[in-house]
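**Student:** In terms of this note's numbering, the sequence shown opens at residue 33 and continues consecutively. Built from N, CA and C at the ideal position, the CB exists for glycine as well. Values in this document were obtained by computation on a predicted structure and should not be read as measured data. Before I ask anything, let me first share the structure, which is written out below as structure tokens.
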Amino acid sequence: MASTNDLEVNVHCLCSEQKFSAVVPHEKLPLPATCCHCNECRHLTGGMYTCGVQWPGSPASILGSSLKEYRYAKNSSMLFCGTCGTPVFAQKIHEGESPDIYYVAAGLLPNLNVDLVKIVQHLWVGDTLDGGASVFMQNLNGISRPIPRWRKGHGDTDGQLDSNWPAQASVQALASSAASLDCVRVQCLCKGVDLTLWRGGDGFSELKAQGKLPRWVNPSTLKPIAAFDACDSCRFMVGVPIMHWTFARVSQLGFASESKGSGTFPTNTLELKASVKAGNDSRLGTLTFYESSPDVQRYYCSRCSASVFYAVDELSDQVDISMGLLHAPEGARAESWVEWEWGGLGHKDNTVGGWREEFGQAIQTESEEWRATRGLPKGHRFQ
Numbered sequence: 033m034a035s036t037n038d039l040e041v042n043v044h045c046l047c048s049e050q051k052f053s054a055v056v057p058h059e060k061l062p063l064p065a066t067c068c069h070c071n072e073c074r075h076l077t078g079g080m081y082t083c084g085v086q087w088p089g090s091p092a093s094i095l096g097s098s099l100k101e102y103r104y105a106k107n108s109s110m111l112f113c114g115t116c117g118t119p120v121f122a123q124k125i126h127e128g129e130s131p132d133i134y135y136v137a138a139g140l141l142p143n144l145n146v147d148l149v150k151i152v153q154h155l156w157v158g159d160t161l162d163g164g165a166s167v168f169m170q171n172l173n174g175i176s177r178p179i180p181r182w183r184k185g186h187g188d189t190d191g192q193l194d195s196n197w198p199a200q201a202s203v204q205a206l207a208s209s210a211a212s213l214d215c216v217r218v219q220c221l222c223k224g225v226d227l228t229l230w231r232g233g234d235g236f237s238e239l240k241a242q243g244k245l246p247r248w249v250n251p252s253t254l255k256p257i258a259a260f261d262a263c264d265s266c267r268f269m270v271g272v273p274i275m276h277w278t279f280a281r282v283s284q285l286g287f288a289s290e291s292k293g294s295g296t297f298p299t300n301t302l303e304l305k306a307s308v309k310a311g312n313d314s315r316l317g318t319l320t321f322y323e324s325s326p327d328v329q330r331y332y333c334s335r336c337s338a339s340v341f342y343a344v345d346e347l348s349d350q351v352d353i354s355m356g357l358l359h360a361p362e363g364a365r366a367e368s369w370v371e372w373e374w375g376g377l378g379h380k381d382n383t384v385g386g387w388r389e390e391f392g393q394a395i396q397t398e399s400e401e402w403r404a405t406r407g408l409p410k411g412h413r414f415q
């Protein structure tokens, strides 16, 4: 039972099959959170980073739960819901008598009207090549209190990165060199989901001429946007406070083992849903889905939990793709493929009334300032 000086914190997965509670003394707030931008964390969840808070409750309920486990490193496991795929806890495994440590995904924490979470560090930013999401998450605690970004782990000899790393010129050079590539891999950490996203085959030029270009396509560059999404269902699906999606026509997708134009990948999301449900195409690997609504499928890897697609029946020719699964050679932001919607935040009404409201506003402000400082164009939907 929580006292008047304590805060009860309840978390659950997207389908609410997995529920956990902890009591936190008010003097322990805000809870310190660490963001990890390493390749493994991005490909493990589909997010541009993971954001973990050491679980303030007893591990007993975790140990007694039915969470599935994916051991992705010698001393690290992901514990996730086997029904909806939500990554709930990261487990740091200790040998000997030292107890294991559990980190809850910060995106699952309730949107209480208290100063609940404070990001204190960004780890393994060097893996992103282009800075990833860390570039617009440096001043979330105020410009006078920048959040340290480490090339690798905390205190590593490679040291702390300065606020301007990497140089914009190097980012643009990498993106320009990758622009000639005709495909990018879409692959989860365990490689159970292994697909290809192809350039072309999207029909964007024809749709533009007909005045029917999707709003998620930049009409100048004909590149899809990369969006900032504060949707509650998406944060429960992936475990991060803000999710990042890009978009594609289903006709652009293929199996990684096949060449462009083979035409054997499902032609729309209705066929994809039927094929995954039937389980008779081994090329789909560990891809599965959870229906968060009768007409909505949230696809994820059944082995490692990575979020893959968001699909809606009435928009059967397109999918949302988790940005964290794109293996773009130019870096985590995949800027040869997408146009980032700097300063935007979808579903921000989902943040109102709690700590996520200020968090979302800070993300919007910093990403827009980052864009303006570097002379990058505004997202076409904001012009």
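Check whether the Cβ atoms of A364 and M80 sit closer than 8 Å, and answer yes or no.
**Tutor:** Yes. Within cutoff.
**Student:** Step through the CB atoms of chain B and report whether any lies within less than 8 Å of the CB of S325.
**Tutor:** Of the protein chains in this structure there is only one, and it is not chain B.
**Student:** Can you name the residues that DSSP bridges to D38?
**Tutor:** Note: D38 sits in a beta bridge opposite P57.
**Student:** Shortest alpha-carbon distance to V340 belongs to which of V351, L347 and E346?
**Tutor:** V351
**Student:** So, at 6 Å on beta carbons, what are the nonlocal neighbours of N254 in its own chain, with the 5 sequence-adjacent residues on each side left out?
**Tutor:** Checking the sequence, you will find Leu at residue 254 rather than Asn. Correct list, in chain order: F236.
**Student:** Given a cut-off of 8 Å, decide if M269 and L46 are closer than it, judged by their beta-carbon atoms.
**Tutor:** Yes; because the gap between Cβ atoms is below 8 Å, this pair is in contact.
**Student:** Around the C-beta of N382, are 16 or more other C-beta atoms found within 10 angstroms, so that it is buried, or is it exposed?
**Tutor:** buried
**Student:** Considering only residues of the same chain and omitting the five flanking positions on each side of E400, which have a CB-CB separation below 6 Å?
**Tutor:** W374 and G375
**Student:** Are the beta-carbon atoms belonging to C83 and G139 less than 8 Å from one another?
**Tutor:** Cβ atoms of C83 and G139: closer than 8 Å.
**Student:** For the alpha helix (DSSP H) holding C73, just list the boundary residues, first then last.
**Tutor:** Its alpha helix (DSSP H) spans residues N71 to T77.
**Student:** Nearest CA to the CA of D159: which residue from W197, T301 and E40?
**Tutor:** The residue with the shortest Cα to Cα distance from D159 is W197.
**Student:** Closest to W387 by CA distance: which of N173, H186 and V308 is it?
**Tutor:** N173
**Student:** Classify P178 as buried or exposed, calling it buried when 16 or more other Cβ atoms lie within 10 Å of its own Cβ.
**Tutor:** Exposed, because fewer than 16 other Cβ atoms sit within 10 Å of the Cβ of P178.
**Student:** What number of angstroms, rounded off, separates the C-alpha of Y331 from the C-alpha of T118?
**Tutor:** 11 Å
**Student:** Any chance you could list the beta strand (DSSP E) runs of at least 3 consecutive residues sitting entirely within the segment 326-404, in chain order?
**Tutor:** 328-333, 339-344 and 350-354
**Student:** Check this for me: beta carbons of V43 and V146, under 8 Å apart or not?
**Tutor:** no
**Student:** In the DSSP output, which residue or residues are listed as bridge partners for Y104?
**Tutor:** According to DSSP, Y104 bridges with nothing at all.
**Student:** T397 to A310, Cα distance in whole Å?
**Tutor:** 45 Å
**Student:** If you draw a straight line from the C-alpha of L239 to the C-alpha of L245, how long is it?
**Tutor:** About 5 Å.
**Student:** Please state whether the Cβ-Cβ distance between D162 and E362 is less than 8 Å.
**Tutor:** Cβ atoms of D162 and E362: closer than 8 Å.
**Student:** Considering R267, what are the terminal residues of the alpha helix (DSSP H) in which it resides?
**Tutor:** D264 to V270
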